[in-house]
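J.:
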Amino acid sequence: MAFLAKVRNNPIFISALIPLGAMVVALLIGAVMLLFLRAHPLQAYAALIGGALGDVSGLTQSAVKATPLLLVGLGIVIAFRASVINIGGEGQIIAGALLGTWFALTFRTWPGWLLIPATLLAGFFAGMVWGFIPGILKARLSVNEILSTVMMNAIALQLMNYLLRGPMIDPAGIKAGTYLAQSERLPEQVWLPRLVPQTLLHSGAILAIVLAVVVYIFLWRTTIGYRLRAVGLNPDAARYAGIRVPFYQALSLTLAGGFAGLAGVVEVIGVQHRLLQGITSGYGFSGIVAALFGGLHPIGAIPAAYLFGALLVGADKMQRAVQVPSALVDTLLGLIVLFVVGSQLLSRRQAARRAVETTESDKTA
Amino acid sequence: MTDIFRLPVVIGILFSAIRLATPYLYATIGEMFAQRSGVLNLGVDGIMLVGAYAAFFVVLNTGNLWLGLLAAVVVGLLMGLLMAFISVTLQAEQGISGIGLYMFGLGLSSLLFKVTIGTVKTVSGFPPLKIPWLGDIPVIGQILFQHSLPVYGAFLLVPLAWWVLEKTTWGLKIKAVGQNPAAADSLGVSVIGVRYLCVCLGAVLAGIAGASLSIALTNLFQENLTAGLGFIAVALVYFGGWRPLGILAGTLLFSSVNALQLWMQVLGVKIPSDVAVMLPYILTIAVLAVMVNRARQPAALNKPFERGEG
Numbered sequence: 000m001a002f003l004a005k006v007r008n009n010p011i012f013i014s015a016l017i018p019l020g021a022m023v024v025a026l027l028i029g030a031v032m033l034l035f036l037r038a039h040p041l042q043a044y045a046a047l048i049g050g051a052l053g054d055v056s057g058l059t060q061s062a063v064k065a066t067p068l069l070l071v072g073l074g075i076v077i078a079f080r081a082s083v084i085n086i087g088g089e090g091q092i093i094a095g096a097l098l099g100t101w102f103a104l105t106f107r108t109w110p111g112w113l114l115i116p117a118t119l120l121a122g123f124f125a126g127m128v129w130g131f132i133p134g135i136l137k138a139r140l141s142v143n144e145i146l147s148t149v150m151m152n153a154i155a156l157q158l159m160n161y162l163l164r165g166p167m168i169d170p171a172g173i174k175a176g177t178y179l180a181q182s183e184r185l186p187e188q189v190w191l192p193r194l195v196p197q198t199l200l201h202s203g204a205i206l207a208i209v210l211a212v213v214v215y216i217f218l219w220r221t222t223i224g225y226r227l228r229a230v231g232l233n234p235d236a237a238r239y240a241g242i243r244v245p246f247y248q249a250l251s252l253t254l255a256g257g258f259a260g261l262a263g264v265v266e267v268i269g270v271q272h273r274l275l276q277g278i279t280s281g282y283g284f285s286g287i288v289a290a291l292f293g294g295l296h297p298i299g300a301i302p303a304a305y306l307f308g309a310l311l312v313g314a315d316k317m318q319r320a321v322q323v324p325s326a327l328v329d330t331l332l333g334l335i336v337l338f339v340v341g342s343q344l345l346s347r348r349q350a351a352r353r354a355v356e357t358t359e360s361d362k363t364a
Numbered sequence: 000m001t002d003i004f005r006l007p008v009v010i011g012i013l014f015s016a017i018r019l020a021t022p023y024l025y026a027t028i029g030e031m032f033a034q035r036s037g038v039l040n041l042g043v044d045g046i047m048l049v050g051a052y053a054a055f056f057v058v059l060n061t062g063n064l065w066l067g068l069l070a071a072v073v074v075g076l077l078m079g080l081l082m083a084f085i086s087v088t089l090q091a092e093q094g095i096s097g098i099g100l101y102m103f104g105l106g107l108s109s110l111l112f113k114v115t116i117g118t119v120k121t122v123s124g125f126p127p128l129k130i131p132w133l134g135d136i137p138v139i140g141q142i143l144f145q146h147s148l149p150v151y152g153a154f155l156l157v158p159l160a161w162w163v164l165e166k167t168t169w170g171l172k173i174k175a176v177g178q179n180p181a182a183a184d185s186l187g188v189s190v191i192g193v194r195y196l197c198v199c200l201g202a203v204l205a206g207i208a209g210a211s212l213s214i215a216l217t218n219l220f221q222e223n224l225t226a227g228l229g230f231i232a233v234a235l236v237y238f239g240g241w242r243p244l245g246i247l248a249g250t251l252l253f254s255s256v257n258a259l260q261l262w263m264q265v266l267g268v269k270i271p272s273d274v275a276v277m278l279p280y281i282l283t284i285a286v287l288a289v290m291v292n293r294a295r296q297p298a299a300l301n302k303p304f305e306r307g308e309g
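From first to last, the protein sequence lines stand for chains C and F.
Sequential numbering from 0 applies to the first sequence in numbering that gives the first Met the number 0.
Sequential numbering from 0 applies to the second sequence in numbering that gives the first Met the number 0.
(1) So, for lysine 174 of chain F: in the same chain, excluding its five sequence neighbours on each side, which residues have a beta-carbon less than 8 Å away from its beta-carbon?
(2) Can you list, in chain order, the residues of its chain whose CB lies under 6 Å from that of glycine 29 of chain F, leaving out five sequence neighbours each side?
(3) Consider the Cβ of leucine 261 of chain F: report whether some Cβ of chain C lies at a distance smaller than 8 Å.
(4) Just verifying my parser: in three-state terms, what is the DSSP assignment at leucine 337 of chain C?
(5) Along the chain, where does the alpha helix (DSSP H) that runs through phenylalanine 292 of chain C open and close?
(6) Should alanine 121 of chain C and lysine 316 of chain C be called a contact, given that it needs their Cβ atoms to be closer than 8 Å?
(7) Taking beta-carbon pairs under 7 Å, can you tell me which members of the stretch 143–168 of chain F lie near chain C?
(8) Which residues, in chain order, does the stretch 310–344 of chain C contribute to contact with chain F at a C-beta distance below 7 Å?
(9) CA-CA distance, phenylalanine 32 of chain F and leucine 244 of chain F?
(10) I want to verify the contact list: residues of chain C whose CB lies under 7 Å from the CB of tyrosine 280 of chain F, in sequence order.
(11) Go ahead and pull the three-state DSSP assignment for glutamine 276 of chain C.
(12) Taking 8 Å as the cut-off, decide whether the C-beta atoms of valine 339 of chain C and leucine 291 of chain C are in contact.
(13) Starting from the Cα of serine 147 of chain C, find the closest Cα among C/Glu89, C/Leu200, C/Leu199, C/Leu114 and give me that residue.
(14) Please go through the same chain and pick out, in chain order, the residues whose beta-carbon is closer than 6 Å to the beta-carbon of alanine 208 of chain F, but skip the five residues on each side of it.
(15) Run down chain F in chain order and give the residues with a C-beta less than 8 Å from the C-beta of asparagine 143 of chain C.
(16) Which ranges would you report for the alpha helix (DSSP H) in the stretch 57–117 of chain F if only whole runs of at least 4 residues count?
(17) Return the first residue and the last residue of the alpha helix (DSSP H) that glycine 57 of chain C is part of.
(18) For the stretch 309–329 of chain C against the stretch 48–62 of chain C, are there 3 or more C-beta pairs whose distance is under 8 Å?
(19) With a Cβ-Cβ cutoff of 8 Å, do leucine 337 of chain C and leucine 128 of chain F count as a contact?
(20) When you compare the CB of leucine 97 of chain C with every CB in chain F, is at least one pair closer than 8 Å?
(21) Rounding to the nearest angstrom, what Cα-Cα distance links methionine 0 of chain F and methionine 277 of chain F in this structure?
(22) Taking the C-alpha atoms as reference points, what is the distance between alanine 78 of chain C and valine 87 of chain F?
(23) Please report the straight-line C-alpha distance between phenylalanine 238 of chain F and leucine 250 of chain C, rounded to a whole angstrom.
(24) How far does the alpha helix (DSSP H) with leucine 224 of chain F in it extend, from its first residue to its last?
(25) Can you tell me whether tryptophan 162 of chain F is buried or exposed, with buried defined as 16 or more other CB within 10 angstroms of its CB?
(26) Got a sec: is the Cβ-Cβ distance from arginine 306 of chain F to anything in chain C below 8 Å?
(27) By how many angstroms is the C-alpha of glycine 294 of chain C removed from the C-alpha of threonine 118 of chain C?
(28) What residue does the alpha helix (DSSP H) around alanine 207 of chain C start on, and which one ends it?
(29) For the stretch 25–40 of chain C against the stretch 211–228 of chain C, do three or more pairs of beta-carbon atoms, one drawn from each stretch, fall closer than 8 Å, so that the two count as touching?
(30) Can you pull the DSSP bridge partners for arginine 193 of chain C?
(31) Along the stretch 72–103 of chain F, what residues have a CB closer than 8 Å to any CB found in chain C?
(32) Please work out which residues of its chain come closer than 7 Å, Cβ to Cβ, to arginine 18 of chain F, disregarding the five sequence neighbours upstream and downstream, and give them in chain order.
(33) Specify the secondary structure class of glutamine 145 of chain F as computed by DSSP and reduced to three states.
(34) Considering only residues of the same chain and omitting the five flanking positions on each side of glycine 309 of chain F, which have a CB-CB separation below 8 Å?
(35) Looking at the structure shown, is serine 189 of chain F part of a helix, part of a strand, or coil, going by DSSP?
(36) Evaluate glutamine 93 of chain F with the Cβ neighbour count: other Cβ atoms within 10 Å of its Cβ, from every protein chain shown; 16 or more gives buried, anything less gives exposed.
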């Protein structure tokens, strides 16, 4: 887990420079790929940037995509700060979306002011359960969390497929004979209020930003958060200091799951207004990118999530403008992750050299 | 329900179990080598996807199955070199590097599929090859000896991997590097070299695993063809306790449950198929929880090596 320690200990400017450098290199490689695809790189990137940030529609859509990325990313920050690798974002999103949908449909007579928070809590809770299982397995039985979270992803996906084709299928779809694997449309009072009229931007974006601040306070201003970070920095030292390491590892996974679950339910009541297959859109993985890009800091995750939200929106626009599949951007996201983790060694060497230089100049002085 | 116990059905289930084990075996044995040398490669699924795409694309355009397999080997090797460079040379956190590699492979294979193929097409993949004499044995011959070449290859890989690991100097070096890289280094074993070799070998096998899906089992390619199969392969390495025979047992258990569930669907047994599909995953978690096989885990797994760090 040395890498995570490296990210944490970097001075702010380096932790901002490395991701940006990684992005530039990835975009350059993307430009070469665009040439191979017989598209003009500048034209394609102009379509991407213009589509994502050029008008109100693009700007708000980017924020809509950034919301689940930020929520998942916050959970990833908590987990990685405790040196727990959470690959289970996809499953936790599904768990949150499932229980949230069920809750909103079951209590559809409740007024909105009560139903919205209750539904959000239901999603948060389901995600927590989905994170708690690998958490407790790691704490009690030392089951590797990478494996158990991967398994939990598969289980959640199959569970959703089953429920959406069976017990939770939209009765309208049965009546029309289409049998689409999606849930009934949610009652309107549970839809998250729109922030900007005529756009998709919903109040979930505000919630995500508020929660980023809450996570910051939790990690840096509370005892539990302090212990959680101590476990991540040096589990042995934490153990000698009397901190129950397994408890905090399980806690971090549970909280990470909760935030991903929240992302799932927000996506349901904020954007889709029903549960459908593909609800995760890969946010469980791209949320990891946002968290890493934000230097594993909850506040840093805000611009990072917006950046990647904009990239995803721009990718769709680029696909329409220059007929380059949006999968190009997915490819670049993967490269960015590789470059960001790969460049940590260089920055560490640089930091070490700087430390040596400082001590030497101290001697001469 | 009684249907399921009839002989032809039992033969069908066991035949499917053997067949379905193929991609898992290639990917898992490959990942075992990487992990025994101390590198957790979580990007297997991404490598499988580009391997599956490359093999399918070549076969679609040339009709030559062996050329397709070669293409999968080559792209697997390239992906392996990328992973090794990031995680071994640059000493990056292996779990996250693997996720990056997975996202890269998923994106790249989707991109190339959309640009070069577009719609789901099929090819004629490796045909079933009945082994003379053995294939004629009733029941056993039907289950074991009427498969396509990649299936036989996967099962031959298991004893081969065991032999390399337990009976050769190379195996000794791999295990030493995974167990105590500093000691191996002081004895003149190139830790970096062994890890590069193992990661690349694992990636080549993952590429072949992908090809076995696209040009032997399903004979088609679509976006995200593997659907997370590569992640299961990583889990099966733990499941099998980092030993080829354990991996064989785990893979067969997994593929048998899968085959059973497929046949229950075919026979219309009243268990929702999606619930049945969950069984292997729940089973894997349960086995991981029950078996305390941490003791056999390579000591240096997931730890980048740098000379002079002690």
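Cβ coordinates follow ideal geometry from the N, Cα and C atoms, glycine included.
Computed from a predicted structure; not experimentally measured.
T.: On the basis of the coordinates in this document:
(1) Cβ neighbours of lysine 174 of chain F beyond the five flanking positions: Arg35, Leu164, Pro297.
(2) Its chain contains Gly201, Leu204, Ala205 as the residues whose beta carbon lies nearer than 6 Å to that of glycine 29 of chain F, once the 5 sequence neighbours on both sides are disregarded; these appear in chain order.
(3) With 8 Å as the cut-off, leucine 261 of chain F does not count as an interface residue toward chain C.
(4) Leucine 337 of chain C: helix per DSSP, three-state reduction.
(5) Unbroken alpha helix (DSSP H) run through phenylalanine 292 of chain C: 282–292.
(6) Result no, Cβ atoms of alanine 121 of chain C and lysine 316 of chain C do not sit closer than 8 Å.
(7) So nothing in the stretch comes that close.
(8) Hits within the stretch, in order: Pro324, Ala326, Leu327, Asp329, Thr330, Leu332, Gly333, Leu334, Val336, Leu337, Val340, Gly341, Gln343, Leu344.
(9) Counting only the Cα atoms, leucine 244 of chain F lies some 13 Å from phenylalanine 32 of chain F.
(10) For tyrosine 280 of chain F, the neighbours in chain C by C-beta distance under 7 Å run, in chain order, Met150, Ala153, Ile154.
(11) Glutamine 276 of chain C: coil per DSSP, three-state reduction.
(12) Valine 339 of chain C is a Cβ neighbour of leucine 291 of chain C, given a cutoff of 8 Å.
(13) Of the candidates C/Glu89, C/Leu200, C/Leu199, C/Leu114, C/Glu89 places its Cα closest to the Cα of serine 147 of chain C.
(14) The residues are Pro22, Tyr25, Ala26, Met47.
(15) Those within 8 Å of asparagine 143 of chain C in chain F are Tyr237, Leu287.
(16) The stretch 57–117 of chain F contains these whole alpha helix (DSSP H) runs: 64–83, 93–111.
(17) Counting along the chain, the alpha helix (DSSP H) containing glycine 57 of chain C begins and ends at 55–80.
(18) The stretch 48–62 of chain C and the stretch 309–329 of chain C touch, with three or more beta-carbon pairs separated by less than 8 Å.
(19) Contact flag unset, no.
(20) The beta carbon of leucine 97 of chain C sits no closer than 8 Å to any beta carbon of chain F.
(21) Confidence at methionine 0 of chain F is low in this model, with a pLDDT of 48, below 50, so its placement is unreliable and the value that follows should be read with caution. In a straight line, the C-alpha of methionine 0 of chain F is about 20 Å away from that of methionine 277 of chain F.
(22) Approximately 24 Å, taken between the alpha carbons.
(23) Between phenylalanine 238 of chain F and leucine 250 of chain C, the C-alpha separation is close to 25 Å.
(24) For leucine 224 of chain F, there is no enclosing alpha helix (DSSP H), as DSSP gives it neither H nor E.
(25) Exposed, by the Cβ-count rule.
(26) Interface criterion not met: the Cβ of arginine 306 of chain F is under 8 Å from no Cβ in chain C.
(27) Rounded to whole angstroms, threonine 118 of chain C to glycine 294 of chain C spans 31 Å at the Cα level.
(28) Where alanine 207 of chain C is concerned, the enclosing alpha helix (DSSP H) starts and stops at 203–220.
(29) Taking 8 Å as the limit for Cβ pairs, the verdict is that the stretch 211–228 of chain C does not touch the stretch 25–40 of chain C.
(30) Partner(s): C/His201.
(31) Within the stretch 72–103 of chain F, the qualifying residues are Leu81, Phe84, Ile85, Leu89, Gln90, Ala91, Glu92, Gly94, Ile95, Ser96, Ile98, Gly99, Leu100, Tyr101, Met102, Phe103.
(32) Taken in chain order, the residues that qualify are His146, Val150, Leu216.
(33) Note: glutamine 145 of chain F maps to coil in three-state DSSP.
(34) For glycine 309 of chain F, the predicted model reports a pLDDT of 42, less than 50, meaning its position is unreliable and no value from the coordinates is stated.
(35) For serine 189 of chain F, the three-state secondary structure derived from DSSP is coil.
(36) Glutamine 93 of chain F is buried by the Cβ-count criterion.
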